[in-house]
Amino acid sequence: MRFKRLLLCISFSLAAGSNSFAQDMEIDRWDNWFLMGQKIVFGGEGNWKHSHEIQWRAKEDVTELDQLFYEAVITYSPNATWEIVPDFRMARKNDVMDFRPGFGIVRKDYFEWAPKGQFVQQLKYQYDINNKGNGRHGVRYVVTYNQVLKENLVVSGLIGGFYRWSNSFNGVEFIRFGPSVAYVFNDVHSIGFAPLFGLGNLGKDENGEKLGWAGSFTPLFQLIIRVKRDYKFTPSKYINF
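Quick note on the working numbering: the sequence shown kicks off at 96 and runs consecutively.
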């Protein structure tokens, strides 16, 4: 119980700190994104499952293609609380190919006062490298709370930050937060919608002057097809942005 209370305190502190941090920022610009993806999930009879997703992302007020990527995720659940999640993403960005291996740990908690709720924490390291040899490191921490309202309706809220370090940039690169809702049609199909908001660090210009931050509205539509749903442990639900 003490550990769960500590996790809640850390999460609420992150949310409050991010909100205060955002209020002190001077937003240089605002951009509207659009994300659409299709994911297929396999496995679930034992401790393992894997998923595959193709996603399309547009930016600049939905007038410019940001990237098209394929992502594969393997999930190992040793028990009902923890998940070990290695993944790999391959993205096409204009004339550059990005490759992103990652390794994450996910913790799930459940509470007596919310029998149909799930509190999820994701801590993940990733290494981004493109076909020109430029490599960057990153770590993210994302908190998600999921609540089943009806058998086929799940609402969620999330907040997360991403820290980047590379030869050209070190610091918090972006923060994302917002609600999401998922509708489960049957044992196979479900669709999710997440109207997320974000704050992105623009870094510095060629003279070393800080460029400030940019705000964004990032709606995500995602179709999920589950080949099997006979899970040994209830899987965590989070958005791997």
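We treat Cβ as the ideally placed atom computed from N, Cα and C, and that holds for glycine.
Mind checking residue i: buried by the 16 CB within 10 Å criterion, or exposed?
i	result
THR158	exposed
LEU306	exposed
ARG271	buried
ARG124	exposed
ILE254	buried
GLY266	exposed
ARG152	buried
ASP300	exposed
GLY228	exposed
ILE320	exposed
TYR220	exposed
GLY230	exposed
TRP308	buried
Could you have a look at residue i and say whether DSSP puts it in helix, strand or coil?
i	result
GLY298	coil
VAL267	strand
GLY329	In the sequence on display, residue 329 carries Thr and not Gly. Of the three classes helix, strand and coil, the one that applies to THR329 here is coil, per DSSP.
TRP125	strand
VAL283	coil
SER275	strand
LEU244	strand
GLY307	coil
ILE254	strand
Kindly identify the DSSP beta-bridge partner or partners of residue i.
i	result
LEU230	Here the sequence assigns Gly to residue 230, which means Leu is not the residue at that position. Paired residues: ILE224.
LYS134	GLU148 and ILE319
PHE312	ASN127 and PHE292
Our contact map puts residue i next to residue j with C-beta atoms below 8 Å; I'd like the distance itself, whole angstroms only.
i	j	result
ASP223	ARG202	Between ARG202 and ASP223 the Cβ distance is about 25 Å, and since that is not below 8 Å, they are no contact.
Going by the C-beta, is residue i closer than 7 Å to any heavy atom of the ligand HEM?
i	result
ILE286	Among the components modelled here there is no ligand, and therefore nothing to report on the ligand HEM.
Quick check for students: name the residue ranges of the alpha helix (DSSP H) that lie wholly in the stretch 142-208, counting only runs of 4 or more. none
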